[in-house]
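In my numbering, the protein residues as written are 112 to 503.
By construction, the Cβ of each residue, glycine as well, lies at the ideal position given by its N, Cα and C atoms.
Notes for the one structure printed next.
Below, the structure is given as structure tokens:
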């Protein structure tokens with residue numbers, strides 16, 4: 112309930128400011144007066160002062176008074192300043208509706224830091240490319256009928272970017288149209304990935320939860336980080352699309368995995384990995400495939416995922432992985448743009464049995480490819496592994 116005021120906010124502010132100024136001036140004047148008194152006593156009779164110090168090696172009476180005054184003033188400052196700070200904050204909260212401090216909330220460690228200029232704004236309730244939550248969950252969306260991808264922009268005012276955006280994903284990557292990146296573009300190698308478990312191993316380093324959110328099989332992010340051009344991004348989650356959403360020279364793959372990352376300033380980066388059906392599933396995904404829910408299940412099951420094993424499967428004998436990169440968006444509502452995409456040229460294999468199981472669980476959850484418009488696509492080739500040293 113707003114407090115009652117007999118005076119205007121401006122008048123209260125002036126009175127408060129004047130009171131604070133008076134207190135500070137009195138403290139400063141007291142300190143200055145003590146300093147002058149001590150100085151004056153020495154100036155009046157410097158010889159006797161020096162003689163007194165030689166014999167007693169103790170501070171003079173005036174000095175003792177001066178020290179006491181300074182100590183009292185210091186203690187007063189220590190009490191007054193925190194009190195003033197609390198008073199100012201309280202005054203602002205009560206009387207200024209437009210002040211940023213009014214109603215400010217504490218940022219928890221696991222809460223994304225507010226976005227910096229020119230970075231994508233995380234949509235309210237969006238968990239980072241996968242399944243909108245909160246207010247976004249009120250508008251149902253899907254991949255067919257009246258809630259199909261071409262209708263997403265009309266299902267909610269917050270999703271208009273799905274229809275109007277000019278940097279939408281996925282796209283068809285035409286290899287003949289890609290450009291060479293600058294030398295500063297990062298390499299995707301072992302140094303670009305870091306798992307907290309490798310620095311300080313613990314029981315939770317690689318623990319994740321695999322769920323079925325109604326649209327895709329999704330795995331919580333473990334303590335894994337990815338570095339691009341000296342900026343570190345934390346893995347939020349990864350999920351699956353069947354078949355692939357991106358195409359390369361018009362070709363679809365059996366599935367695509369999206370590893371969704373976010374930097375400390377709120378920038379999103381998604382790594383896309385193409386999947387082809389094969390004889391076996393890599394070790395790092397085996398438990399995920401075995402425990403993935405076959406119908407919607409938000410509780411899911413705990414799994415262990417070691418992303419270093421994924422990197423080993425992608426790199427093979429190469430020192431770095433070839434990849435495409437371009438500015439895009441989330442491929443699900445609200446279709447947030449200014450997302451950095453990295454699509455690896457080298458994919459992985461998952462057993463046909465597991466791909467069939469995944470398709471049965473989540474169906475065809477693919478957004479059609481979007482126009483490239485005036486975007487520039489870059490391609491960073493692989494760096495060959497260093498040659499082995501000749502035998503002695």
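Return the first residue and the last residue of the alpha helix (DSSP H) that residue i is part of.
i: residue 396; result: 394–402
i: residue 467; result: 463–473
i: residue 273; result: 272–275
i: residue 421; result: 418–426
i: residue 265; result: 263–266
Hey, how far is the Cα of residue i from the Cα of residue j?
i: residue 468; j: residue 412; result: 16 Å
i: residue 324; j: residue 369; result: 15 Å
i: residue 346; j: residue 414; result: 16 Å
i: residue 318; j: residue 364; result: 28 Å
i: residue 430; j: residue 494; result: 5 Å
i: residue 277; j: residue 287; result: 21 Å
i: residue 96; j: residue 262; result: With the chain running from 112 to 503 in the structure shown, residue 96 is simply not present.
i: residue 341; j: residue 303; result: 9 Å
i: residue 387; j: residue 433; result: 17 Å
i: residue 485; j: residue 296; result: 20 Å
i: residue 337; j: residue 374; result: 9 Å
i: residue 279; j: residue 464; result: 32 Å
i: residue 247; j: residue 260; result: Residue placement at residue 247 is flagged as unreliable, the pLDDT there being 44, under the threshold of 50; the coordinate-derived value follows with that caveat. Straight-line Cα distance between these residues: approximately 15 Å.
i: residue 492; j: residue 377; result: 28 Å
i: residue 272; j: residue 265; result: 10 Å
i: residue 291; j: residue 459; result: 24 Å
i: residue 448; j: residue 270; result: 11 Å
i: residue 466; j: residue 267; result: 33 Å
Between residue i and residue j, which are expected to be in contact by the criterion C-beta below 8 Å, what is the C-beta distance as a whole number of angstroms?
i: residue 321; j: residue 490; result: Not really, about 32 Å apart at Cβ, beyond 8 Å.
i: residue 483; j: residue 299; result: The pair is not a contact, with the Cβ atoms about 22 Å apart (cut-off 8 Å).
i: residue 382; j: residue 455; result: 7 Å
i: residue 344; j: residue 380; result: 5 Å
i: residue 366; j: residue 461; result: 7 Å
i: residue 403; j: residue 328; result: 5 Å
i: residue 472; j: residue 406; result: 7 Å
For residue i, is the beta carbon positioned less than 7 Å from some heavy atom of the ligand NAP?
i: residue 305; result: In the structure shown, the ligand NAP is absent, as is every other ligand, since no ligand is present at all.
Going by the DSSP bridge assignment, what does residue i pair with across the sheet?
i: residue 323; result: 328, 408
i: residue 459; result: 386
i: residue 415; result: 318
i: residue 439; result: 450
i: residue 289; result: According to DSSP, which records beta bridges pairwise, residue 289 is partnered with nothing at all.
From what residue to what residue does the beta strand (DSSP E) around residue i run?
i: residue 429; result: Unbroken run through residue 429: none, as it is neither H nor E.
i: residue 452; result: 448–455
i: residue 373; result: 366–374
i: residue 491; result: 489–491
i: residue 348; result: 342–352
i: residue 256; result: Neither: residue 256 is in no beta strand (DSSP E) and is coded neither H nor E.
i: residue 355; result: Neither: residue 355 is in no beta strand (DSSP E) and is coded neither H nor E.
i: residue 337; result: 335–339
Next on the checklist: Whether or not the region 463–478 and the region 337–354 are in contact is what I'm after, with contact meaning three or more pairs of Cβ atoms, one per stretch, closer than 8 Å; do they touch?
Outcome noted: Of all C-beta pairs linking the region 337–354 to the region 463–478, three or more are shorter than 8 Å, placing the two stretches in contact.
Checklist entry - Counting pairs of Cβ atoms below 8 Å between the region 415–424 and the region 436–448, do you hit three or more? => result Under the 8 Å Cβ criterion, the region 415–424 does not count as touching the region 436–448, having fewer than three qualifying pairs.
Next on the checklist: When you compare the region 327–335 with the region 422–431, are there three or more beta-carbon pairs, one atom per stretch, that lie closer than 8 Å?
Outcome noted: Verdict: no, contact absent.
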